[in-house]
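Student: Questions regarding the structure given below will be posed in turn.
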Amino acid sequence: EIFNKSVDLADKRAHHNALERKRRDHIKDSFHSLRDSVPALQGEKQSTKQASRAQILDKATEYIQYMRRKNHTHQWVPPH
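Structure follows, in structure tokens:
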């Protein structure tokens, strides 16, 4: 009985650890994808000092804001 409970607990812990590892890997891959999508950060993966997650978010935010402004100024307005 005690042995079965400890095995169950170990199985639950191992399962939880595997799920957590998968979640962390997904987040890491998503940050890499985001980094590779921002022109100011392209080439960072070859750099000796990679951008931090905070830097990636900051640069991505700046790029999105830049693209929004650029889009807004290029919108065609039909004549009245």
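The opening position of the sequence shown corresponds to residue 455 in the working numbering, with each subsequent residue numbered one higher.
Even glycine gets a Cβ: it sits at the ideal position worked out from N, Cα and C.
By alpha-carbon positions, which one of Ser484, Pro493, Asn458, Arg467 ends up nearest to methionine 521?
Tutor: Ranking the options by Cα distance to methionine 521, first place goes to Pro493.
Student: Out of Asp462, Pro532, Ile510, Glu516, which one is the CA nearest neighbour of aspartate 483?
Tutor: Measuring from the Cα of aspartate 483, the nearest candidate turns out to be Ile510.
Student: Rounded to the nearest angstrom, what separates alanine 464 and leucine 473 at their Cα positions?
Tutor: Using only the alpha carbons, I get a separation of about 14 Å.
Student: Do leucine 495 and alanine 505 count as a contact pair if the criterion is CB distance below 9 Å?
Tutor: Their beta carbons are under 9 Å apart, which means alanine 505 touches leucine 495 by this criterion.
Student: Please report the residue range of the alpha helix (DSSP H) in which leucine 511 lies.
Tutor: Note, leucine 511: alpha helix (DSSP H), 507-527.
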